[in-house]
Amino acid sequence: MTRRLVGYELTLGEGWTVVPEAPFDVAAWAAQVARHLVGPDAPSPTTVPSLSPDAAQAFTSDPVADLTAAVVAVVEAASGTGVDALTTAFLVRDPSSGTVDAMVTLVAQADLTPEAFLADLERLVAEADDPPYLFAQQVEADLPAGDGRGAHLMIGHVDADLGQEVAHLEERVVLGVFPPGCPDMIELTAVSAGVGVFDDMPQAVLDLAAGLTVELGQA
1 MTRRLVGYEL
11 TLGEGWTVVP
21 EAPFDVAAWA
31 AQVARHLVGP
41 DAPSPTTVPS
51 LSPDAAQAFT
61 SDPVADLTAA
71 VVAVVEAASG
81 TGVDALTTAF
91 LVRDPSSGTV
101 DAMVTLVAQA
111 DLTPEAFLAD
121 LERLVAEADD
131 PPYLFAQQVE
141 ADLPAGDGRG
151 AHLMIGHVDA
161 DLGQEVAHLE
171 ERVVLGVFPP
181 GCPDMIELTA
191 VSAGVGVFDD
201 MPQAVLDLAA
211 GLTVELGQA
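Residue numbers for the sequence shown follow the UniProt record's numbering, beginning at 1 and rising by one.
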């Protein structure tokens with residue numbers, strides 16, 4: 001009898017925060033999380049003393065406000081996918097910087113084989129030109145939850161004001177986890193804030209995926 005995927009759980013390490021299920025007040029929740037992560041000993045907003053008050057305001061650094069905006073951006077990026085039942089989490093290594101280092105999303109997919117999943121990835125990379133995929137390399141591993149198959153990608157984002165020059169690079173890993181004896185899978189997508197956030201992003205994502213456990217039931 002076929003076993004089907006009925007649930008999953010990802011154990012996350014230090015620095016990761018899970019986004020609650022919708023609906024919720026995104027702005028209020030992001031501000032609460034930012035204040036908690038930065039903590040009561042956060043440095044006060046800083047300005048450049050030599051500038052006029054109006055000019056200095058543009059250079060003001062407020063880690064709580066900056067981190068709040070970054071967390072809101074993560075939630076909006078996840079909701080913008082339009083994918084239902086999406087699990088989202090984000091990594092903040094240094095809250096005082098006001099930045100999010102990476103985000104990860106997970107979603108269950110029914111009746112998707114490793115071959116079909118990889119073919120979809122290859123087609124996406126081959127056909128994409130906005131933004132272009134500048135680098136793609138397969139990722140494979142045996143994970144506790146099943147076979148891991150996917151790709152390590154570098155994506156070039158273009159700034160319209162700079163013509164066709166690549167303004168910045170996005171590094172991501174898309175990984176499918178295929179439980180043995182089950183036709184369903186879990187798709188994990190990790191996106192870093194920039195190249196160099198991880199010394200070895202594919203390995204970091206595989207380490208993260210090692211914390212994935214699945215629940216299977218009879219069809």
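Virtual Cβ for every residue (Gly too), placed ideally from N, Cα, C.
All figures in this text were calculated on a predicted structure; none of them were measured in a lab.
In this structure P202 is buried. Its beta-carbon is surrounded by 16 or more other beta-carbon atoms within 10 angstroms.
The C-beta distance from V75 to V19 rounds to 6 angstroms, short enough to meet the 8 angstroms contact threshold.
Judged by DSSP in its simplified three-state form, T189 adopts strand. Residue range M201 to A209 is occupied by the alpha helix (DSSP H) that includes L206. Between V71 and T189 the beta-carbon gap is near 18 angstroms, outside 8 angstroms, which marks them as no contact. Excluding residues up to 5 positions away in sequence, V19, L86, T88, M103 and T105 lie with their Cβ nearer than 8 angstroms to the Cβ of A78 in the same chain. The C-beta of F135 has fewer than 16 other C-beta atoms within 10 Å across all chains shown, which makes the residue exposed. With respect to A151, V177 sits apart: the two C-beta atoms are not nearer than 8 angstroms. In the DSSP assignment, L37 falls within the unbroken alpha helix (DSSP H) covering V26 to V38.
The DSSP assignment places complete beta strand (DSSP E) segments of no fewer than 3 residues inside the region 69–135 at 87–91 and 102–109, in order along the chain. For V197, the three-state secondary structure derived from DSSP is coil. Going by DSSP, E215 is part of the beta strand (DSSP E) stretching over L212 to Q218. A151 is bridged by DSSP to Q138 and V174. In this structure, Y8 is the residue among G211, Y8, T213 and G217 with its C-alpha nearest to the C-alpha of A108. Per the DSSP secondary-structure output, V18 pairs in a beta bridge with A89. L5 sits in a strand when the DSSP states are folded into three classes. Close CB contacts of A22 within its chain, under the 8 angstroms cut and outside five residues either way in sequence, are with S79 (chain order). For L169, the three-state secondary structure derived from DSSP is strand.
Buried is the label assigned to A209, since at least 16 other Cβ atoms lie within 10 Å of its Cβ. In the three-state reduction of the DSSP assignment, L10 falls in the strand class, which pools E and B. Of the candidates E122, D84, V214 and T99, the residue whose Cα lies closest to the Cα of G181 is V214. For L67, no pairing in a beta bridge is given by DSSP.
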